[in-house]
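Structure first, commentary second.
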Amino acid sequence: MNVGLFIPCYIDQLYPQVGIATLQLLERLGLSVTYPTNQTCCGQPMANSGFEHLTQGTSYNFVTNFSEFDYIVCPSGSCTLHIKDHLHDEGHPDKAISIRKKTFELTEFLTDVIGIKKLAAHFPHKVGLHQSCHGLRGLGLAQMSELMAPPFSKPESLLNMVTGLELIELERKDECCGFGGTFCVFEEAVSVKMGQDRIADHSNHGAEYITGVDMSCLMHLEGILRRQKSKVKVIHIAEILNSVNK
Amino acid sequence: MASVKKNQPSMVEFPTLNFAGDTSIDLKAQFIKTLTGIGGSVIEVNEIKEVGDYIKSTFPKPARIVNTLTDLNFEHAYPAGRFEILNQKSDPHDFSNVTVAIMQGEFGVAENGAIWLTEVNMGDQALPYICEHLVLIINKHSIVPTLHEAYEKIGASAYNLGTFLAGPSKTADIEQSLVLGAHGSKSLLVFLINY
Amino acid sequence: MNPQNNTHSELAEKFNRDVERVNWHDKTLWFVREKRDKAAHQIAEWEQLREAASQIKNNVLSNLHDYLIEFEKNAVRHGVHIHWASTAQKHNEIVHSIIKKHGANHIVKSKSMLTEECGLNEYLHQQGVNVVDTDLGERIVQLANEPPSHIVLPCIHWKKEEIGELFHQHLGTPKGNADPQFLTAAARVHLREHFLTSRVALTGVNFAVAETGEIIVCTNEGNADLGVQLADVHIACMGIEKIIPKRKHLSVFLRLLARSATGQPITTYSSHFQKPREGQEMHIVLVDNGRSERLASDDFRNALKCIRCGACFNTCPVYRRSGGHSYHTAVAGPIGSILAPGFDMAKNADLPFASTLCGSCTNVCPVKIDIHDQLYKWRQVLVQNGHTTASKKTGMNVMSQMLSHPTVYRFSGAVGRWVMRTLPLMINNKFNPWYKQREMPKASTQSFRSWYLNQRKHEQ
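Top line first, the protein sequences correspond to chains A, B and C.
Heads up: the first sequence begins at 2 in the numbering used here, then just goes up one per residue.
Heads up: the second sequence begins at 83 in the numbering used here, then just goes up one per residue.
Heads up: the third sequence begins at 38 in the numbering used here, then just goes up one per residue.
As C-alpha cells, then:
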C-alpha cells in the first residue's frame, strides 16, 4: 500500500516535529510513505468561519496532490474530519469522494487499518490525554461521555502500548479546550477560560505532559501554559508513539 | 396552515415502539426506593383501617382534613368540623385551607415513583395541588415497570384531567438547592394497600 | 435588560471578568449535566429511546398539517377553543382578547418559552394587564426585571444571597436571609395570594397529542396546575411543532424529558388536560411565528424537533462560561443559536459563531437534533447573506488565495515565521487578540516540507 502523508498547514509551518514523528513512525512500521510537496491546507479555517464557498482552491489542490494514494494519513483529527465531511471538487467529484473514504487520522489508521498490537516506544512520564472534539465526536476515535454506550479509545489503546507512560485520570474527560478555529480570537475570553480550565484539570491530576491528536488544541493550551510559566508541556501523540529508546 | 402543508418534507413513518419494562424485578421495591428518593414517603398496609391509624398519628392536629374515600372512616378521631368526606361539588377556592387531602390513585410506576390519577380520584381537581399534605392510596399489585406499560393501562380512556404525580412539589431554582414544598403539596404520603 | 447592540463575544467577555462567578456558573451547570448522565445510565435502552423520539418527531414534521387538523378536531370535540396565530403579534392579540373578554386585568402564568419568544408579558403590561410569573425561578427574574437565562433553570445565574436581597426588597423577608427553604416558603405564601385571586391562568404546553386533543404540562412546583384549577379561564400557548401523534408516544418523551433536563426520572406533575373543568373555559393558541417556514428547510427543519429540555445548555462549555444573557435572545444556548438567526438574521448573526462546534450538544439531545451541524450551516448562510464584517471577508479572501497556491503559501509561511522570530513585537502586542492571555507558538526555522526535502536529498 502506498500512503500519502497529509501534514496540516500549521504543523508544516509551526510544529514540523509532529510531521517528522508521524513520518518516522509510519516508516518504522514498514509503510511506504510519500509526502506530496505541493500540499497546502485542507480548507477548514475558511469553511468553519462561514466561507466554505472560498475553499474550491484548497480542495482542488488537495485532490490534485492526494488522489493517487491507497491511504492518506494525517496527524490531526479536525483536518481529517474536514476532508471526510467537506471535501468537494466540482472538477473531479469522484476523486473527492474516493479521497474522503481513504483519509484517516493517525491513531485510527494505526488501530483500524494497520491493527498494531505493540509499539517500541518509551515515554516515562505522567501524561494527560486531551480528547480533541473533532476526533472524538466526529471521527469516533473514542467513546464520548454523552452517549450511554460501551467505552473504547483508539488513542488510549496506543498510549497503553508505550512503556513507562502513566495516563492520568481527569475530572472532565472530554470537555472542549476552547480553540475552535477563529473562535480562539473572536471569542477570546471564553476560549481562554476554557483552555485554563482544561489545564487546571490536567495539573490537578499531576500531568507532566498533555497530549492529543490535534496540535491546534495543544497549541492553544501551550500558549496558556507558557503564559502561566507552567512546567507542564504539550506533546502531540505522534511524538509519544515515536519515542523509541535512543 | 397552507404553508405548513406546502413546506413539510416527504412522509416518514413513525416507529413501532418496542420498549418493555422488566416485570421480573421487584416492582414494589423499585417504586418505594424511587419515590422515597424523590421526597415521598411510602407505607405498606394490609387494610384500609391501618391507613386511618397512620394518618391520625402523622397528622395529630390538622386544621382541616378532606377525604375522598368512602371506606376510610375515622371521623371519631378528629373534633367535629375538621374531617370531611368529599362528595359534593364546590368552589375550588374553598379548599385553600386543607391541611391533608386523602385520595386514591389508579396505579404506580416503578421506574419513576409516579402515581396516575384522574379527576375521578381527585374529588375536586384542585385538591391534589392545593392541599398542604397529600395522601395517596394505591393497590400494591397495581405497580407497572415503566411508562410504556403505564400508557398501555391508560389506553384510550377519556378523562378531563389525568396526572402522573411523583412526590411532593419541589424546586431547585435557588442555587440548585432542593426544597420540598413549592406551590403544590409540601409532602406526599403513599399507602400501598393489599386490595 | 437585553442590550440589543452587544454581541455574544462582548457580553461573554464581560461575564468572564468575574472569575469566581464564571467558575460558579460553570460548575453549577456541569453538575446538572452530570445528573443527566447518572439518570441516563440507569436506562439500558437510553440510546434506543433517543432514536425512537427522534423518529417520532421526524414523522411529526413530515405530517404536521394532518396532525394539526386532527388535534384541532379532537380538542374542539372536548369543548376546547382553538386559536391559530401566524405571528407573535397575533398570538399576543389573541391572548389579550381572551383576557379582556373576561374582564380580567391580572393573570398568573406558568413557564412558557413561547410566550418569551412572543414578548407576551411586555405586550400585556402595555395593555394594562398584570402578569405574575408563578414558576419560582421566573418570578425571581420577573421581580428583577430581567429575562430568564436558561429555559429550565431561569435564574441559574442568581446567587442565593442576591435572591435573599431581592425578596427582602419585594416580599419583605428579613434582610440577610439567604436560606433556600425559607425563601421558597416565602414565595409560596406570596404566590398563593395570586393563585387564589386570578381568574385567568396561562400555561405553556410540553406536548400536544393529535390522537386525543389533550395537552401535557410538566412542572415540579405545581404552579401550572394550581393556577389552572383556580381559574375560570385556562389559556395554553404552544408552538405548532409541539404536536406528537399518539398518546402512547408520551411514554418515550416523558422518559427522556426530565432525565435530560435535570436528571430526575420525571417531574413531580405531568398533567394531561383533555377537557376543561366544569364551568371553566379552556383555550389553546397554536403559534406559527416562522415555524412553517423553517419546516421547508432541509438544513434547519430539525430544530423544530426540540422539546425544550435544556440539556444542550448544560453540556455546552461556551454557555456555561458565558451565561444565557450573552445570547440576547429568548431561548439561549446551542438550540437558541440555531433558532434565533431564523427569527432575525441581522440581530443574531453572532450566535452560530459562539461555539467551537465541539458536538456535545448534538449527543445529549433527546431527539437527536444535529445542532452542531446546523451551527456550521448557519455560518455559511449568514456569510452568504452579508452578515459578516468587511475585514473578515477580506481576510478570508486573502487566506483562501494564499492557501490555494502552494508557492504563495510557502512564501507567506516563511515570511510569517521570520517576522515572528525577528520582529516579535509586531505580533506580540495588544492588537493581537491571541496574545492577550496566551503566548504565541514558537516559529520554527524550517517547515516540515523543507526538512523533508533536505532528508530526501541526503538519502540520495
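Ideal Cβ placement from N, Cα and C applies to all residues, glycine included.
Keep in mind that this is a model prediction, so the values were computed, not measured.
- Item | Option in C:L173, C:R447 and C:H128 with minimal Cα separation from C:E159 | C:H128
- Message: Given this structure, state the Cα-to-Cα distance separating B:P91 from B:S224, to the nearest angstrom.
- Response: 43 Å
- Ranges of the alpha helix (DSSP H) found wholly within the segment 172-209 of chain A, counting only runs of at least 4: Taking only runs of at least 4 residues, the alpha helix (DSSP H) segments lying wholly in the segment 172-209 of chain A are 184-187 and 189-205.
- Message: Quick check: the Cα distance between C:S99 and C:G396, rounded to an integer number of angstroms?
- Response: 26 Å
- Task: Following the continuous alpha helix (DSSP H) through A:C1, name the residue where it begins and the one where it ends.
- Result: Because residue 1 of chain A is not part of the residues shown, which for chain A are 2 to 247, the question remains open.
- Please report how far the alpha carbon of C:V242 lies from the alpha carbon of B:A196, in whole angstroms. 20 Å
- Return the Cβ separation of A:I200 and A:L166 in integer angstroms, given the expectation that the two are a contact with Cβ distance under 8 Å. Contact doesn't hold; Cβ gap of about 20 Å is too wide.
- Item | Cutoff 7 Å; reference A:V19; Cβ partners in own chain excluding five residues on either side | I12, P76, M216, H237, A239 and E240
- Task: Under 8 Å by Cβ, that's how I've got B:A208 and C:L267 pegged, so tell me the actual separation to the nearest angstrom.
- Result: 6 Å
- Please find out if some non-hydrogen atom of the ligand SAH comes closer than 7 Å to the beta-carbon of A:P151. By its list of ligands, the structure shown contains no ligand whatsoever, and the ligand SAH lies outside what it can speak to.
- Work out the CA separation of C:R486 and C:M38 for me, nearest whole Å. With a pLDDT of only 38 at C:M38, under 50, the local geometry of the prediction cannot be trusted, and the value read off the model is given with reservation. Cα to Cα, C:M38 sits roughly 54 Å from C:R486.
- Query: In this structure, does DSSP put C:A295 in helix, strand or coil?
  - Reply: helix
- Query: Should C:Y446 be labelled buried (16 or more other beta-carbon atoms within 10 Å of its own) or exposed?
  - Reply: buried
- Using the Cα positions of C:P40 and C:K479, report the straight-line distance between them to the nearest angstrom. Reliability of the predicted coordinates at C:P40 is poor, the pLDDT of 45 falling under 50, and no value is obtained from them.
- Item | Counterpart residues of C:N167 in DSSP-defined beta bridges | C:H143
- Just the Cα atoms here: how many angstroms apart are A:H126 and A:E170? 14 Å
- Using 10 angstroms around the beta-carbon of A:G1, count the other beta-carbons present and answer buried if the total reaches 16, otherwise exposed. Within the shown structure, residues of chain A are numbered from 2 to 247, placing residue 1 of chain A beyond reach of any answer.
- Query: In chain A, which residues lie with their C-beta within 7 Å of the C-beta of C:S484?
  - Reply: D13, Q14 and P17
- Query: Taking just the CA atoms, how far does A:R101 sit from C:A12?
  - Reply: Only positions 38 to 497 of chain C appear in this structure, which leaves residue 12 of chain C out of reach.
- Query: For B:L185, which residues does DSSP report across the bridge?
  - Reply: Residue identity differs from the one stated: residue 185 of chain B is Met in this sequence, not Leu. According to DSSP, B:M185 bridges with B:L218.
- Task: Specify, as a first and last residue, the run of the alpha helix (DSSP H) that B:F165 falls within.
- Result: Boundaries for B:F165: no alpha helix (DSSP H) harbours it, while the beta strand (DSSP E) harbouring it runs F165 to I167, taken from the DSSP string.
- Please name the residue or residues paired with B:N360 in a DSSP beta bridge. Outside the shown range of chain B (83 to 277) lies residue 360 of chain B, about which nothing can therefore be said.
- Query: C:H309 to C:G379, Cα distance in whole Å?
  - Reply: 31 Å
- Message: Let me make sure I understand the geometry here. Which of C:K494, C:K342, C:K110 and C:M150 has the alpha-carbon closest to that of C:L239?
- Response: C:M150
- Message: Residues of chain B with CB closer than 8 Å to the CB of C:A89, please, in chain order.
- Response: Going along chain B in sequence order, the residues near C:A89 (Cβ under 8 Å) are P97, L99 and F101.
- Task: Please determine, among A:S133, A:L32, A:A150 and A:E209, the residue with the shortest C-alpha to C-alpha distance to C:L394.
- Result: When only C-alpha atoms are compared, the closest one is A:S133.
- Message: Suppose the cutoff is 7 Å on Cβ atoms and the five residues either side in sequence are ignored; what does the same chain contact list for C:V223 look like?
- Response: The sequence as given places Ala at residue 223 of chain C; Val does not occur at that position. Excluding positions up to five away in sequence, the list reads F204, L208 and T210.
- Cβ neighbour criterion (16 or more within 10 Å) applied to A:T271: The requested residue 271 of chain A does not occur in the structure, where chain A is confined to residues 2 to 247.
- Item | C-alpha distance - C:V33 paired with B:E257, whole-angstrom precision | No statement about residue 33 of chain C is possible, as the shown extent of chain C runs from 38 to 497 and does not include it.
- Query: Thinking just about the alpha-carbon of each residue, which of B:A145, B:G205 and B:F113 is nearest to the one in B:Q170?
  - Reply: B:G205
- Quick one: give me the first and last residue of the beta strand (DSSP E) that B:N241 is part of. For clarity, residue 241 of chain B is Tyr in the given sequence; the question names Asn instead. First-last for B:Y241: undefined, no H or E at that position.
- Pull up the distance between the alpha-carbon of C:I131 and that of B:E231, whole angstroms please. Roughly 39 Å separates the two Cα atoms.
- Using three-state DSSP, classify B:T253 as helix, strand or coil. strand
- Output, in chain order, the set of chain C residues within a Cβ distance shorter than 9 Å of A:I238. Here the premise fails: no neighbours, minimum Cβ distance about 17 Å.
- Message: Counting only beta-carbon separations shorter than 8 Å, does C:N53 have a partner in chain A?
- Response: yes
- Message: I want to see whether chain A comes within less than 8 Å of C:P40, judged by CB atoms only; does it?
- Response: For C:P40, the pLDDT reaches just 45, beneath the cut-off of 50, and the residue's location in the model is therefore unreliable, although a value from the coordinates is still provided. So, not an interface residue.
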